[in-house]
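Quick notes on the structure that follows.
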Amino acid sequence: MDWLRRMSLKSALFTMMFLGLTFASLLSIGVFYGCILLSSTIAPSGIMFDIHSSPPVTWLPKPSKQAIAIANIVSILQIILPILIFTIVILLTTSLFYRIKLKDPLHILKSGAERIMENDLDFMIPTSQSGDELGELCTAFEKMRESLLVNSRTLWRQAEERKRLNAAFAHDLRNPITVLKGTVKLLRKGIRDEQTITRLENYTLRIEQYIESMSNIQRLEQVPVQKKKLACSLLRAELADTARILAPALSCEITVPQERSVEIDHGLFMTVAENLISNASRFSENTLQIHLQICGSSLLLSVMDDGPGFPGELIRDGPKPFGKMEENAAHFGMGLYSCQTICIKHGGKLVLKNMDTGGAKADAYFS
């Protein structure tokens with residue numbers, strides 16, 4: 042039956058119906074002539090001619106009423122049996138066609154659809170062994186399930202990240218609001234020295250920066266990835282310009298693959314590069330190293346400095362929104378978190394580590 046399973050639905054149905062009808066035809070012809078022979082045996086009539094007998098012509102005896110009745114029944118069966126044979130063969134052929142070609146794929150598709158309707162995507166739809174249209178449909182159904190699972194996990198991750206972001210935003214916003222409340226109380230009491238006005242301005246600006254950071258993260262999550270082919274030499278020139286602007290006092294070493302090109306989102310890549318270089322320049326003492334290399338199907342951007350290194354908590358838990366490495370009102374700890382968001386959006390990841398020789402290293406992977 043394997044040769045039938047490998048056929049298309051149309052070819053298999055045509056082949057099985059042709060074989061079934063051929064068998065039914067041969068069987069019907071046999072039954073038809075068998076009934077004629079049986080009828081003539083039960084109720085013979087007419088004359089029998091034999092040249093070796095004398096006389097050569099013999100009149101057959103008249104059959105009895107019972108024999109005639111049986112012969113009539115056989116004559117009726119002679120018509121009914123071929124019709125019945127064709128009907129049974131067609132029913133058996135369609136039943137066999139269903140069992141061989143339709144039963145397993147339909148069961149696979151039905152059970153898969155039921156689990157998907159129950160929001161259960163953590164399973165695998167078995168590929169039908171048949172190479173027909175339903176087998177291809179099962180394969181397409183499995184690809185659809187994988188896409189739904191990836192999208193579901195992405196949405197779940199985004200929802201969790203949004204919760205973390207909102208929680209961190211609310212937590213970090215408490216201190217500026219508390220200070221502003223205290224400043225308002227002082228103003229109500231008539232205390233309007235220069236320090237009070239300066240504090241009011243600084244913390245108002247700080248809240249504005251918080252809100253701007255939140256807006257930037259939300260915009261990054263909504264920006265589509267638009268890849269295009271870029272020469273590594275172009276990326277090297279842009280990395281050099283970025284390092285010269287953001288870290289003018291540091292000795293910078295840049296290495297990139299020669300005469301190679303990559304397909305990435307240019308804007309997202311440079312956003313990550315700018316954030317990593319800016320972060321490294323704040324903690325580096327003398328040197329800054331930027332390496333670009335191709336690792337399999339990913340582009341790896343490594344930024345290394347000779348500073349004190351990343352805190353152990355940051356390496357262990359990863360970047361968090363508003364997770365500051367130092368108390369500085371000008372930086373809210375969103376740079377590394379933004380880089381991580383972009384890398385994941387680009388099908389990669391962000392890996393933070395401290396080097397054995399001292400200093401920090403940030404590896405940004407882009408698919």
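Using our numbering, the letters of the sequence shown map in sequence onto residues 42 to 408. We put the beta carbon where it would ideally sit given N, CA and C, even for glycine. Since the model is a prediction, treat every value here as computed from it, not as a measurement.
Linking L241 to E249 through their CA atoms gives a straight-line distance of about 12 angstroms.
Note on geometry: alpha-carbon atoms of N327 and D346 lie some 8 angstroms from one another. Assigned with DSSP and collapsed to three states, T312 falls in helix.
Counting only the Cα atoms, E177 lies some 58 angstroms from T82.
For Q330, the pairing in a beta bridge is given by DSSP as E294 and M345. For N395, the secondary structure class from DSSP, reduced to helix, strand or coil, is strand.
DSSP places S338 outside both helix and strand once states are collapsed to three, so it counts as coil.
The beta carbon of L162 sits closer than 7 angstroms to the beta carbons of R186, L189, L190 and S193 from its chain, once the five residues preceding and following it are set aside; these are given in chain order. Distance from the CA atom of I70 to the CA atom of F164, rounded to whole angstroms, is 54 angstroms.
Straight through space, the alpha carbons of E159 and I149 are spaced by roughly 16 angstroms. Between L280 and P265, the alpha-carbon positions lie close to 23 angstroms from each other.
Listed in chain order, the non-local C-beta contacts of Q334 below 7 angstroms within the same chain comprise P298 and L341, local neighbours out to five positions each way being set aside. In this structure, A65 places its C-beta atom within 8 angstroms of the C-beta atom of F127. The shortest CA-to-CA distance from L329 to any of G337, A314, C380 and C336 is the one to A314.
The alpha-carbon of W197 is positioned some 17 angstroms away from that of H387.
With fewer than 16 other CB atoms across the displayed protein chains lying within 10 angstroms of its CB, A110 is exposed. Every beta strand (DSSP E) of 3 residues or more that sits fully in the segment 59–90 is shown, in chain order, as 88–90.
The Cβ-Cβ distance between I331 and I286 does not fall below 8 angstroms. With fewer than 16 other Cβ atoms from the protein chains shown falling within 10 Å of its own Cβ, Y139 counts as exposed. For E304, the enclosing beta strand (DSSP E) covers residues S302 to I305. DSSP lists V303 as the bridge partner or partners of L271.
With contacts defined as CB atoms closer than 8 angstroms, F351 and C384 fail to qualify as a contacting pair. The alpha-carbon separation between L175 and L45 amounts to approximately 14 angstroms. Residue environment analysis places Y244 among the buried positions, since at least 16 neighbouring C-beta atoms fall within 10 angstroms of its C-beta. Ranked by Cα distance from D397, the first of S379, S339 and G348 is G348. Nearest Cα to G399 within the set L122, M57 and F324: F324.
Of T382, E235 and T283, the smallest CA-CA separation from M311 is found for T283. Shortest Cα-Cα distance from R203 to any of L133, K151, K361 and N395 involves K361.
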